[in-house]
Structure formats: structure tokens, C-alpha cells
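Colleague:
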Amino acid sequence: MSLQQLRYFVAVAEEEHVGRAAERLRIAQPALSRQIRNLEAELGTTFFERTPRGMRLSSSGAVFLPHARAILSSIESATAAIRCGTGSA
């Protein structure tokens, strides 16, 4: 699992649509769909229910979303701390 896949997962969850998430992320829709499928395969679950109007979080996706957000937030905080010089031991 990569940080990129986590960012992609969160974007699709928030947009509830692969096309809109792809636009937001400025990547091609097929590449985004492929990364989501790869993440689902790696973790052995389905994060989204595909609907004619877009994507809806599955129960696994709803459980995973706050964890993915927390991981991304933690990375952003660590990066900011290093840049500000407050992360040294």
C-alpha cells in the first residue's frame, strides 16, 4: 500500500465518483480505477460499491476511511514539523 493509493482512496470516497476524483487529482480515470482495484486486492476487500451514478463506500471502506485520513494527516504533520525544524530529536 502506498501513500498515493491512500490519497486516491480518500479522493474517491470524498467525491463519490471516479471521474471527479480523477479530475481533482489531475490523473487519468483508468489509472485511478486501477490503483483503487490494486489497493482493494492487496487488502482483500472491496472499498466501494459501484453504482450507475458513481461510487459509494462499502462497510469496509467506511471503516478504512478515517484510518487513511489519519495516516495522511500524520504524514503532513511530520513533513511540516521537519520543514519548520521542530522535528529534530
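Note that this note's numbering has the sequence shown beginning at 130, numbered continuously upward.
For each residue, glycine too, the CB sits at the ideal point set by N, CA and C.
1. Flag this pair as yes or no: are the beta carbons of H137 and L186 separated by less than 9 Å?
2. Tell me which residue opens and which closes the alpha helix (DSSP H) that G148 is part of.
3. For the beta strand (DSSP E) containing R185, name the first residue and the last one.
4. For S180, which beta-bridge partners are listed by DSSP?
5. Count the C-beta pairs between the stretch 141 to 150 and the stretch 170 to 183 that are closer than 8 Å, then say yes if the count reaches three, no if not.
6. What does a CB cutoff of less than 8 Å around A157 pick up in its chain, not counting 5 residues either side in sequence?
Modeller: Let me spell this out:
1. A small correction: the amino acid at residue 137 is Tyr; His does not occupy that position in the sequence shown. Cβ atoms of Y137 and L186: not closer than 9 Å.
2. V147 to L154
3. G183 to L186
4. Residue identity check: residue 180 is Thr in the sequence provided, not Ser. For T180, which the question treats as bridged, DSSP gives the partners G183.
5. yes
6. A151
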